[in-house]
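Undergrad: One structure, pasted below without further comment.
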Amino acid sequence: MDEKIEGLTDKEVQEQIELGNINKSQESKLKTTKQIIFDNVFTLFNLYNLIIAIALLCVKAYTNTFFFLIITVNVIIGIVQEIHGRNLVKKLSILNASKATVIRNGKEQKIDIEEIVLGDVILLSQGDQIPSDSYVLEGEVEVNEALLTGESDLILKSKEDKLLSGSYVTSGKCYAKVEKVGEDNFANSIISATKKYKENNSELINSMKKVTKFTSFVIIPVGIILFIQAYFYREAELAQAVVATAAALLGMLPKGLVLLITIALESGVIKLAKKDVLVQELYSIESLAHIDTICLDKTGTITQGEMRVSEIKTYNDKILPHSFNDMMTAFVNGMDDNNATFHAFKKYFKGDNSFEIADKVAFSSERKWSSISFKNEGSIVVGAPERLFDKSKDDMPEDINELQKKRKKSFRDSIYKINN
1 MDEKIEGLTD KEVQEQIELG NINKSQESKL KTTKQIIFDN VFTLFNLYNL IIAIALLCVK
61 AYTNTFFFLI ITVNVIIGIV QEIHGRNLVK KLSILNASKA TVIRNGKEQK IDIEEIVLGD
121 VILLSQGDQI PSDSYVLEGE VEVNEALLTG ESDLILKSKE DKLLSGSYVT SGKCYAKVEK
181 VGEDNFANSI ISATKKYKEN NSELINSMKK VTKFTSFVII PVGIILFIQA YFYREAELAQ
241 AVVATAAALL GMLPKGLVLL ITIALESGVI KLAKKDVLVQ ELYSIESLAH IDTICLDKTG
301 TITQGEMRVS EIKTYNDKIL PHSFNDMMTA FVNGMDDNNA TFHAFKKYFK GDNSFEIADK
361 VAFSSERKWS SISFKNEGSI VVGAPERLFD KSKDDMPEDI NELQKKRKKS FRDSIYKINN
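In terms of my numbering, the sequence shown has 4 at position 4, counting the first letter as 1, and numbering is strictly consecutive.
Pasting the structure below:
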């Protein structure tokens, strides 16, 4: 480690903590369980039905209160669906790393990512996730920003280059200085936008509100008139008058329609859930029904960063000092690359074969090749065919051209199958 990189002292760390410059995110803007229950239970529609149910219970007309079961089912479905959607959204997180290596008082320390403060120096190496927006102080790394941008290309980062939280280091090693923490991080800004609660503008909800609002103006005076007419003018018993009035008023409250809408929407939510689609609210199905065009960015979505060796073809392998497998095994044992191609080689060429290394060049996404030189055993260069041959694809063996065409056609066929 460079002697100049001492990191923060304990005193400086404490000062940043007191200023609130710590890598903690604020509470999400999602509805709490209490708010979800309140919004689903305490509605004007439910209030009218509750008053009617209480009136029927007072006159011991228990069998006539069965309608309240429908109201209860509606409320339970709404609460369960919203809590389920809320919990799934809570799990959305781009930052998965739990520990980070920082330089403090000139020494390496492992701390939780929530304990990182503004100005901290962090050590990043292969496989690490960048916990906070930073810039490179010393070293060089390749990072994968697919979680943030959707692009799976490896990006080379050197001194003074920006490192975005949520991206991964795929190769190399560097020291980086934290310049943003908590909610200011790029990854957290994406998460906050995703978790922000937005009122759903539903035509079904608006229509039901209009019906309830209109009913609220007439149901009370109509209920009083019906009760007076039954109890005083027709001289019915109190229980009969209440039951007759309740029956008339319940017909004005569209509880059956609400239940049918709820069941229809819930069936849609269940079908989407089986396809791993997150539905935050029941009425989101209605919004989806209005969509006639969906635009998707397939980059990094239908493809996975996993590769495997399917076939080996050799050309003039007699010039090699050892067998092709022995040379490649020595290559993977001697290199420190950490990309998908190298991992595929490492799984295929297994063994302890190794030679004394004279020199090696790590893989770079810009060069598209890596190499290793052995003392008295020759050299191996691994990379893209167009970078290893002198001029153009015309210089490549015909088999290589055919294999590249086959790979492209196979990829196009896979896209066609997914789209259809």
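For glycine and all other residues, C-beta sits at the position ideal for the given N, C-alpha and C.
Got a sec, what are the start and stop residues for the alpha helix (DSSP H) residue 363 sits in?
TA: Residue numbering aside, residue 363 sits at position 363 when the sequence shown is read from its first letter. Not the alpha helix (DSSP H): residue 363 falls in the beta strand (DSSP E), residues 357-364.
Undergrad: Taking just the CA atoms, how far does residue 56 sit from residue 422?
TA: Only positions 1 to 420 of the chain appear in the structure, and residue 422 is not among them; the question remains open.
Undergrad: Helix, strand or coil, according to DSSP, for residue 389 in the structure here?
TA: Taking the first residue of the sequence shown as 1, we reach residue 389 at position 389. Residue 389: coil per DSSP, three-state reduction.
Undergrad: With DSSP run on the structure shown, which of helix, strand or coil describes residue 24?
TA: Position 24 of the sequence shown, counted from the first residue, corresponds to residue 24. Coil.
Undergrad: Between which two residues does the beta strand (DSSP E) holding residue 109 run?
TA: As a working mapping, residue 109 is identified with position 109 in the sequence shown. Unbroken beta strand (DSSP E) run through residue 109: 107-112.
Undergrad: Can you give me the C-alpha to C-alpha distance between residue 130 and residue 398, rounded to a whole angstrom?
TA: Working through the sequence shown from its first residue, we reach residue 130 at position 130. Working through the sequence shown from its first residue, we reach residue 398 at position 398. Cα-Cα distance, rounded: 43 Å.
Undergrad: Go through its chain and collect everything with a Cβ distance to residue 44's Cβ below 7 Å, but skip five positions before and after it.
TA: Here residue 44 refers to the residue found at position 44 of the sequence shown. Cβ within range, chain order: 212, 216.
Undergrad: Assuming residue 103 and residue 123 are in contact, meaning their beta carbons sit under 8 Å apart, how far apart are those beta carbons, in whole angstroms?
TA: Looking up residue 103 in the sequence shown gives position 103. Looking up residue 123 in the sequence shown gives position 123. Sure, about 6 Å apart at Cβ, within 8 Å.
Undergrad: Taking the C-alpha atoms as reference points, what is the distance between residue 286 and residue 214?
TA: Position 286 of the sequence shown, counted from the first residue, corresponds to residue 286. Position 214 of the sequence shown, counted from the first residue, corresponds to residue 214. Distance between the alpha carbons of residue 286 and residue 214: 23 Å.
Undergrad: To the nearest angstrom, how far is it from the Cα of residue 373 to the Cα of residue 381?
TA: Here residue 373 refers to the residue found at position 373 when the sequence shown is read from its first residue. Here residue 381 refers to the residue found at position 381 when the sequence shown is read from its first residue. The alpha-carbon atoms of residue 373 and residue 381 are separated by roughly 9 Å.
Undergrad: On the three-state DSSP scale, how would you describe residue 104?
TA: Counting from one through the sequence shown, the residue named residue 104 turns up at place 104. Residue state, collapsed to three classes: strand.
Undergrad: Taking the continuous alpha helix (DSSP H) assigned at residue 267, which residues delimit it?
TA: The residue labelled residue 267 in the question sits at position 267 within the sequence shown. Taken as a continuous stretch (DSSP letters only), the alpha helix (DSSP H) holding residue 267 covers 255-274.
Undergrad: When you compare only the Cα positions, how much space is there between residue 17 and residue 181?
TA: Position 17 of the sequence shown, counted from the first residue, corresponds to residue 17. Position 181 of the sequence shown, counted from the first residue, corresponds to residue 181. Whole-angstrom Cα-Cα distance: 11 Å.
Undergrad: So the candidates are 322, 158, 172, 128; which of them puts its Cα closest to the Cα of residue 165?
TA: Counting from one through the sequence shown, the residue named residue 165 turns up at place 165. That would be 128, whose Cα lies nearest to the Cα of residue 165.
Undergrad: Around the Cβ of residue 361, are there at least 16 other Cβ atoms within 10 angstroms (buried) or fewer (exposed)?
TA: Mapped onto the sequence shown, residue 361 falls at position 361. The residue is exposed, with fewer than 16 neighbouring Cβ atoms inside 10 Å.
Undergrad: My assumption, with CB atoms under 8 Å, is that residue 79 sits in contact with residue 262. Please give the rounded CB distance.
TA: Looking up residue 79 in the sequence shown gives position 79. Looking up residue 262 in the sequence shown gives position 262. Not quite, the Cβ-Cβ distance comes to about 12 Å (not below 8 Å), so this is no contact.
Undergrad: Of the choices 226, 125, 208, 75, whose alpha-carbon is the least far from that of residue 169?
TA: Residue mapping note: residue 169 aligns to position 169 of the sequence shown, counting from 1. Measuring from the Cα of residue 169, the nearest candidate turns out to be 125.
Undergrad: Would you please state the rounded distance, in angstroms, between the beta carbons of residue 328 and residue 349? I believe it to be under 8 Å.
TA: In the sequence shown, the residue the question calls residue 328 occupies position 328. In the sequence shown, the residue the question calls residue 349 occupies position 349. Going by Cβ atoms, the distance from residue 328 to residue 349 rounds to 4 Å, so yes, they are a contact pair.
Undergrad: Mind checking residue 232: buried by the 16 CB within 10 Å criterion, or exposed?
TA: The count along the sequence shown starts at 1 and reaches residue 232 at position 232. Counting Cβ neighbours within 10 Å, residue 232 comes out exposed, since fewer than 16 surround it.
Undergrad: Between the region 251-261 and the region 64-72, do three or more beta carbon pairs fall short of 8 Å?
TA: Yes, since at least three Cβ pairs between the region 251-261 and the region 64-72 fall closer than 8 Å, the two stretches touch.
Undergrad: Looking at the structure shown, is residue 378 part of a helix, part of a strand, or coil, going by DSSP?
TA: Sequence index remark: in the sequence shown, residue 378 carries index 378 (1-based). In this structure, residue 378 counts as strand in the three-state DSSP scheme.
Undergrad: Can you look up residue 70 in the DSSP assignment and give me helix, strand or coil?
TA: By 1-based counting over the sequence shown, the position of residue 70 is 70. Helix.
Undergrad: Compute the beta-carbon to beta-carbon distance between residue 114 and residue 177, rounded to the nearest angstrom, for a pair I have assumed lies under 8 Å.
TA: By 1-based counting over the sequence shown, the position of residue 114 is 114. By 1-based counting over the sequence shown, the position of residue 177 is 177. Not a contact, Cβ separation roughly 18 Å.
Undergrad: Below 8 Å on the Cβ atoms is my guess for residue 173 versus residue 136; work out the distance and round it to an integer in Å.
TA: Taking the first residue of the sequence shown as 1, we reach residue 173 at position 173. Taking the first residue of the sequence shown as 1, we reach residue 136 at position 136. Rounded, the Cβ-Cβ distance is 11 Å, inconsistent with contact.
Undergrad: For residue 53, write down the residues that DSSP places opposite it in a beta bridge.
TA: On the sequence shown, residue 53 is found 53 positions in, with the first residue counted as 1. Beta-bridge pairing links residue 53 to no other residue.
Undergrad: Run the proximity test for residue 57: is its beta-carbon closer than 7 Å to any non-hydrogen atom belonging to the ligand MN?
TA: Ligands in the displayed structure: none, and consequently the ligand MN is not present.
Undergrad: May I ask which residues mark the beginning and end of the beta strand (DSSP E) holding residue 135?
TA: Along the sequence shown, one-based indexing puts residue 135 at 135. Segment 134-144, the beta strand (DSSP E) holding residue 135.
Undergrad: Going by beta-carbon coordinates alone, are residue 5 and residue 138 separated by less than 8 Å?
TA: For the purposes of this step, residue 5 is identified with residue 5 of the sequence shown, where counting begins at 1. For the purposes of this step, residue 138 is identified with residue 138 of the sequence shown, where counting begins at 1. A contact, by the Cβ cut-off of 8 Å.
Undergrad: Could you pull the start and end residues of the beta strand (DSSP E) that residue 171 belongs to?
TA: Counting from one through the sequence shown, the residue named residue 171 turns up at place 171. Where residue 171 is concerned, the enclosing beta strand (DSSP E) stretches over 168-178.
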